[in-house]
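Under this note's numbering, the first residue of the sequence shown carries the number -1, and numbering increases by one thereafter.
Heads up, the beta-carbon is just placed ideally off N, CA and C, and yes, glycines get one too.
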Amino acid sequence: MAGDNLLSRWAIWVDGVGKAGNAKEYTPPVLEVLTSDFQAGDMDMPIPVDDGMAGMESSFSLFGVDITVLPLFGLRQGSRTAVSVRSTYTDLYGNSYDLVEELGGMITKIERDTQDTGSQRDKAMKVTMKLDYYKVVRSGAVLIEIDPVNHVRKLGGIDVLEGIRGILQLA
-1 MAGDNLLSRW AIWVDGVGKA GNAKEYTPPV LEVLTSDFQA GDMDMPIPVD DGMAGMESSF
59 SLFGVDITVL PLFGLRQGSR TAVSVRSTYT DLYGNSYDLV EELGGMITKI ERDTQDTGSQ
119 RDKAMKVTMK LDYYKVVRSG AVLIEIDPVN HVRKLGGIDV LEGIRGILQL A
C-alpha cells in the first residue's frame, strides 16, 4: 500500500548524549556487497560471487558547533564513538512505528559551514564516521546487524556468516 512507511520524526544521540533539537540531517550508511564475477568453462555467462562488504560510512549534521562532539574526532585509545538514531515512521492510518539504528566507529571528518555575512542560524557542523558496527531494529525485530570484527552479517534474522565462523572456529 502506498504511504505505509513514511518518515515522521528522528533524533540522534552521540556517545549517549541526546542531540534532539540540534540535529539538522543524518545520512545512513550505504550497504554494499562487493562481488567478483565467476565463470566456469561450461557456463554461458559469469555469476556474481560475494567477496565481502564495502566499508560503511555515515554522516550527520548538528547546528552550530557541538563542543561535546569535537573531542571525539579520530582514534580514541580503547574506545569507539557510538551513535544512535531513533526514527518514527507512520502509515496513512496514523499508526506509528519505531526504527532504531546503532552505529559504532571513528569520526574521520568534521566540516563546519562557511561563516559569512548572511544569517548564521542555519550554520552546522557535519560529522562523518567510518563504521565498524551497524544495527537496525524495527519494533524490537533486528533487521540488519553488521559487525565485521566479530564476523557477523545478520539480514532479516539470518546470520549469513554463521557457517563460516563455525568452520573457522571463531564462535
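To test your reading of the DSSP string, which unbroken alpha helix (DSSP H) runs of 4 or more residues are found completely within the stretch 84 to 167? 160 to 165
Could you pull the start and end residues of the beta strand (DSSP E) that residue 25 belongs to?
Start at 1 with the first residue of the sequence shown, and residue 25 comes out as number 27. Taken as a continuous stretch (DSSP letters only), the beta strand (DSSP E) holding residue 25 covers 21 to 25.
Is residue 80 near residue 102, with beta carbons less than 8 Å apart?
-> As a first step, residue 80 is located in the sequence shown; it is residue number 82 there, counting from the start. As a first step, residue 102 is located in the sequence shown; it is residue number 104 there, counting from the start. Result yes, Cβ atoms of residue 80 and residue 102 sit closer than 8 Å.
Between residue 157 and residue 146, is the Cβ-Cβ spacing less than 8 Å?
Mapped onto the sequence shown, residue 157 falls at position 159. Mapped onto the sequence shown, residue 146 falls at position 148. No, these two residues do not count as a Cβ contact at 8 Å.
- Query: Which residues in the same chain have their Cβ closer than 6 Å to the Cβ of residue 141, if we skip the five residues on either side of it in sequence?
  - Reply: The residue given as residue 141 occupies position 143 in the sequence shown. So the qualifying residues of the chain are 134.
> Taking the C-alpha atoms as reference points, what is the distance between residue 21 and residue 90?
Replying inline: The residue given as residue 21 occupies position 23 in the sequence shown. The residue given as residue 90 occupies position 92 in the sequence shown. Going by the C-alpha atoms only, they are around 26 Å apart.
Restricting to Cα atoms, I'd like to know which of 155, 41, 10 and 37 is closest to residue 47. Mapped onto the sequence shown, residue 47 falls at position 49. Taking only the C-alpha atoms, the option nearest residue 47 is 37.
If I'm right that residue 51 touches residue 144 with Cβ under 8 Å, what's the distance once you round it to whole angstroms? Numbered from 1 along the sequence shown, position 53 holds the residue referred to as residue 51. Numbered from 1 along the sequence shown, position 146 holds the residue referred to as residue 144. Going by Cβ atoms, the distance from residue 51 to residue 144 rounds to 7 Å, so yes, they are a contact pair.
Margin query: With three or more beta-carbon pairs closer than 8 Å as the criterion, would you say the stretch 73 to 88 touches the stretch 4 to 15?
Written below: yes
Query - DSSP-derived helix/strand/coil call for residue 70 - result: Your numbering for residue 70 matches position 72 in the sequence shown. Note: residue 70 maps to helix in three-state DSSP.
What does DSSP give as the partner residues of residue 46 in its beta bridges?
-> Counting from one through the sequence shown, the residue named residue 46 turns up at place 48. According to DSSP, residue 46 bridges with 35.
*From this set, 62, 75, 99 and 71, which residue's C-alpha is nearest residue 117's C-alpha?*
For the purposes of this step, residue 117 is taken as the residue at position 119 of the sequence shown. Ranking 62, 75, 99 and 71 by Cα distance to residue 117 puts 62 first.
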